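For reference, the structure discussed in these notes is given below.
Structural data, given as structure tokens:
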């Protein structure tokens, strides 16, 4: 008797086999970073740049560097994110799950656990530079009180949850002639930025979405620090006033790949399906584009995005400064979905 294979089984198998990124059931189980390190008698500690590191599929890093302090070498991996195209993940630090560190020489067959040094290893939230690009066109006037409140909460969350050195600026915009950039502010003076949000009154017709976004990206590019960089754009409509809008849109997607980009929309008459495509094109990943169906949903979306921005880390490993040939160091990272 021939057994029947039900269509639903075939569909599930097809999804699992062909699309691990779209259906990442195993994200968070075996995340790791492997780096190369060596130390000679004269050249001091050396780690190979981030582009030479090996990582699991959903891990990204910004930089790797090493410092010698007395008889200890401090190896630092900065800007660590764990993200699929559906979810962000936070690093765990519990009694049962902690970062594990292993070393292996060129001629070694096995990874050797560095439990003696692991007790001196740690992670913390990394410093973030963020620009919030805020639509202040006349169409937001009916909800502007709520919008300002949500924006204030957002900037508070970013500077309070980010690592030391975290900073945030705002680009207010409506028409192409009404784009205003603030300086960067940090935890010590964030009240000054909130005052500017609360006092903003220049609500003009039209929406120069792409031009304002490029202004924010340029501001991050020339900020002059090594912070992890991110752009968050809010609008209740698409672009209808940027010069050379198509070129700007292409530039956002091609010239700023190193900057994490989120876009938040508010559904309404000015944000139909076609105009949503403008906002969606700004986001660096599909999951970074979110839409609020009503004003009351906006706060949750701003809060969720600020939480994801804080889920970027600096890993530190303190090891012996003894001379060594080139070795590989592996960090096994336990994570939890946000």
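In this note's numbering, the protein residues as written are 1366 to 1703. The beta carbon of each residue, even a glycine, is placed where N, CA and C say it ideally should be. Predicted model, so just to flag it, every value in this text is computed and none were measured.
What span of residues does the alpha helix (DSSP H) with residue i cover, start to end?
i	result
residue 1581	1574-1586
residue 1610	1610-1620
residue 1521	1509-1526
Return the residue from the list the options that minimises the CA-CA distance to residue i.
i	options	result
residue 1688	1406, 1703, 1437 and 1430	1406
residue 1654	1667, 1693 and 1434	1667
residue 1531	1413, 1588 and 1641	1588
residue 1456	1673, 1690, 1691 and 1683	1673
residue 1571	1440, 1477 and 1502	1502
residue 1627	1599, 1603 and 1620	1599
residue 1569	1500, 1526, 1398 and 1608	1500
residue 1580	1565, 1553 and 1544	1544
residue 1454	1649, 1424, 1441 and 1470	1424
residue 1435	1446, 1464, 1469 and 1410	1410
residue 1605	1591, 1643, 1664 and 1683	1643
residue 1602	1637, 1422 and 1416	1637
residue 1464	1681, 1675 and 1703	1681
residue 1621	1609, 1649, 1639 and 1611	1649
residue 1469	1440, 1509, 1396 and 1691	1691
residue 1583	1548, 1564 and 1611	1548
residue 1449	1422, 1432 and 1433	1422
residue 1430	1566, 1641, 1697 and 1683	1683
If I measure Cβ to Cβ from residue i and keep anything under 7 Å in the same chain, skipping five residues before and after, which residues do I get?
i	result
residue 1585	1494, 1496, 1594, 1596 and 1624
residue 1658	1632
residue 1444	1426, 1427, 1428, 1491, 1593 and 1677
residue 1607	1541, 1573, 1574, 1575, 1576 and 1613
residue 1513	1562 and 1563
residue 1415	1426, 1427, 1428 and 1429
residue 1669	none
From the DSSP output, in three-state form, read off residue i for me.
i	result
residue 1416	helix
residue 1593	strand
residue 1551	coil
residue 1659	coil
residue 1387	At residue 1387 the pLDDT is 40, less than 50, meaning the model places this residue with poor confidence; the figure from the coordinates comes in the next sentence. Here residue 1387 sits in coil by DSSP.
residue 1598	strand
residue 1675	helix
residue 1628	strand
residue 1653	helix
residue 1478	strand
residue 1703	coil
residue 1500	strand
residue 1607	coil
residue 1469	strand
residue 1686	coil
residue 1563	helix
residue 1635	coil
residue 1457	coil
Grab me the residues of residue i's own chain with a C-beta within less than 8 Å of its C-beta, minus the 5 sequence neighbours each way, in chain order.
i	result
residue 1520	1497, 1533, 1535, 1550, 1555, 1558, 1559 and 1562
residue 1616	1579
Could you pull out every residue in the same chain whose Cβ sits closer than 6 Å to the Cβ of residue i, ignoring the five residues on either side in sequence?
i	result
residue 1387	Interpretation of residue 1387 is limited by its pLDDT of 40, a score under 50 that renders its predicted location unreliable; the figure taken from the coordinates is listed afterwards. Answer for residue 1387: no residue qualifies.
residue 1629	1599, 1655 and 1666
residue 1478	1467
residue 1671	1519, 1522 and 1523
residue 1511	1660
residue 1664	1515
residue 1399	1419, 1693 and 1695
Would you kindly work out how many angstroms separate the C-alpha atoms of residue i and residue j, rounded to a whole number?
i	j	result
residue 1704	residue 1418	Given that the chain is displayed from residue 1366 to residue 1703, the structure contains no residue 1704 and the question cannot be resolved.
residue 1539	residue 1695	48 Å
residue 1462	residue 1517	35 Å
residue 1451	residue 1408	43 Å
residue 1645	residue 1476	43 Å
residue 1515	residue 1473	54 Å
residue 1652	residue 1635	22 Å
residue 1590	residue 1528	14 Å
residue 1552	residue 1675	14 Å
residue 1525	residue 1442	22 Å
residue 1335	residue 1506	The first residue shown for the chain is 1366 and the last is 1703, placing residue 1335 beyond what the model contains.
residue 1701	residue 1480	22 Å
residue 1546	residue 1537	6 Å
residue 1440	residue 1446	17 Å
residue 1640	residue 1395	39 Å
residue 1662	residue 1471	54 Å
Which residues mark the beginning and the end of the beta strand (DSSP E) in which residue i is found?
i	result
residue 1704	The structure shown does not extend to residue 1704, since the chain is modelled only from 1366 through 1703, so no value can be given for it.
residue 1433	1428-1434
residue 1492	Per DSSP, residue 1492 belongs to no beta strand (DSSP E) and is neither H nor E.
residue 1568	Element bounds for residue 1568: n/a, residue is neither H nor E.
residue 1316	Because the chain is modelled from 1366 through 1703, residue 1316 falls outside the range shown and cannot be assessed.
residue 1445	1437-1448
residue 1398	1396-1405
residue 1689	1689-1698
residue 1544	1544-1546
residue 1535	1532-1538
residue 1623	Unbroken run through residue 1623: none, as it is neither H nor E.
Consider the Cβ of residue i: report whether some Cβ of chain C lies at a distance smaller than 8 Å.
i	result
residue 1451	This model lacks chain C altogether, as it is built from one protein chain only.
Tell me whether residue i, by its Cβ, gets closer than 7 Å to a heavy atom of the ligand ZN.
i	result
residue 1503	What this structure holds is no ligand at all, so the ligand ZN is not there to describe.
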